[in-house]
Each structure stands twice: as C-alpha cells, then as structure tokens.
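I have placed the structure first, in the form of structure tokens, so that the comments after it can refer back to it.
Residue numbers (the numbering used here): 30 to 353.
Next comes the structure, spelled out in structure tokens:
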C-alpha cells in the first residue's frame, strides 16, 4: 500500500536554521526559531504521498480423523510514513522525531508498524462413553510488543520541539560530551557517564548497529513476547424431547506459560527511550548531555519486565448450555 494523500505538517513561522553544531553530531541548529516573534507557531496541514506499508503472511492447517486439529501461521509487516499525526497540529509537528529540519521530515517507521506475529493452535476432542466429549485446546502466540524512537529529553537544536530530536549514536567515547551532575547523594562525572553510555549502546540490539549515525524514527522494536492459553472442556449430553442437548463445563487458563514458570509469558517495555537529557552546548560548539539515571544508578539496559494484567496467568470457569 502507498499513501495518496497522507498527512504532513510544517511550522510556517520557523525560519531556516542559522548554524550547525560542531563535531560528529553536526545537525542544524536554530538560535532564532521564529520569523514573527508575535506568533508562537503557524502550523500548516499538507499532504504527502511517500508513506507506504506492506504485509506478508501464510498459514497451514490440518484436521485428523482422531479428532486432532492443528494450525500454524506467521505474519510480518512494515508501515512507514513521515509523521504519525495526532489530534492537535502543534503536537503532531513538535513531537515528530527527526534529526534534521522538522519542516522536512524523512520516511521512517510508523508508530503502528506491526512487526512479527506467529501463532499456533492445537486442539483435540474425543467422546468418552455416552455422557459427553472431552476437549483440550492450546493457542500459542509470539508478537512484537511495539516500537519507539530514541530521542533527547529537551530541545537540542532550538527548533522549538522539546522531545523531537533523535539522538546521535557516537562511534566511541571520544564523541561523547557529558556534563557532571548530582542526583540525590550521587555525583556522576562526565567520564562515568561516557563509559555507561558506551556500554548501554553495546548492549542494545538496535543502537549497536547505528554507531556513527542518528537513530531512526520508531526503528527500535521491543522483543517479542511469547504466551500460550489453554482451554479444557467437558460436554455432558442429555436428551430433551428426543433431541440431544449439551451442558458444557469449560476451564480457560490465560497465559498458561506463566503458570508453568513465573518468568515465562512476561512482556518487556522500554525503561525510557530518552536516555540523554538536559541538552546544552560546550565551548567548541558540540552538544552536551546528561545520561539518564534512576535510583542513584546510571541506565545500563534498554528494557525491563512489565507487570500488567496480561503478564500473569488467569483462570476462568464457565458453564453453558447448548441447544440443538
């Protein structure tokens, strides 16, 4: 699929950039981000036709004479555009991640790009004697948990967008420029932050491939989560007015994987996609930052386990009457 009249935005009150940063991260920089100082922003809605998406999938299934049934399927898709529009023009423009001119966004992953999905369904049913059939079914699924953009917490280039600047991923610590800061009772030196950020990049599957380049919009995908649901049914046959009716007892165990092992079936989420904060500029014209910290410790991993309702196993018992 391809966009015919996809949405786009510009701020007509934003002039061209006046300068650039020095060093490896030489993105454009605004020292004055208004053409008319009496206007905060003049956001213009337009159209673009470069957005595109594709999706491919396949499945296989078979039923057997002994009551066994199996189906497996796989799907992968990508969706790309220049902006994920929201409900407000100003927010859509200001929060669109980009490394260059926000009035000229480039093609990047959509926030709704689907990624991978795999599932398998297995079921078996057999009638025991004359009182009813017993069934068991398992649904197993693995799915991409979403994507995010690595941006700076703050306005790096002075264009007026606070959270829209994609990070530059340094080749090594010589391209990193941090400022010392204290959080609580702990002080983090520039050297400590550089070493921690270098290790953070190395452990991240996506950032480790982008050294010497800018991070891309929505290109960091969370790991797949794998879960299985189990269903058990027991039918009890009875005759009413000469016709067979069924009373069915059903037990569903959602996220059965978590019942088998507490670490299974649990999702992952980004601790933060804004690992660089408090942007500034040094005497050499290079951008400076602080590295994100939490609980007195510099960030050292991308993801943490989620603790939502779907991450734990649940059981539900049902009873239904089937009229024939």
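Even for Gly, the Cβ is constructed at its ideal location relative to N, Cα and C.
All figures in this text were calculated on a predicted structure; none of them were measured in a lab.
If we count the other Cβ atoms within 10 Å of its Cβ and call it buried at 16 or more, is residue i buried or exposed?
i           : result
residue 145 : exposed
residue 294 : buried
residue 83  : exposed
residue 312 : exposed
residue 157 : exposed
residue 41  : exposed
residue 218 : exposed
residue 305 : buried
residue 239 : buried
May I have the straight-line CA-CA distance separating residue i from residue j, to the nearest angstrom?
i           : j           : result
residue 80  : residue 246 : 14 Å
residue 289 : residue 260 : 15 Å
residue 206 : residue 224 : 11 Å
residue 308 : residue 345 : 51 Å
residue 210 : residue 320 : 9 Å
residue 105 : residue 227 : 32 Å
residue 170 : residue 72  : 43 Å
residue 249 : residue 46  : 28 Å
residue 347 : residue 275 : 14 Å
residue 78  : residue 116 : 20 Å
residue 33  : residue 76  : 8 Å
residue 53  : residue 326 : 28 Å
Which of the three DSSP states, helix, strand or coil, is assigned to residue i?
i           : result
residue 43  : coil
residue 327 : strand
residue 287 : helix
residue 281 : strand
residue 107 : strand
residue 214 : coil
residue 356 : Nothing can be reported for residue 356, as the shown portion of the chain is limited to 30 through 353.
residue 83  : strand
residue 226 : helix
residue 313 : coil
residue 219 : helix
With distance defined between alpha-carbon atoms, name the residue in the options nearest to residue i.
i           : options            : result
residue 97  : 121, 151, 132, 66  : 151
residue 252 : 173, 164, 114      : 173
residue 286 : 90, 230, 297, 258  : 258
residue 147 : 338, 255, 187, 186 : 255
residue 176 : 142, 35, 339, 192  : 142
residue 300 : 33, 199, 330       : 330
residue 180 : 326, 340, 318      : 318
Measure how close the beta-carbons of residue i and residue j come, nearest whole angstrom, since I'm counting them as under 8 Å.
i           : j           : result
residue 110 : residue 139 : 5 Å
residue 20  : residue 235 : Only positions 30 to 353 of the chain appear in the structure, and residue 20 is not among them; the question remains open.
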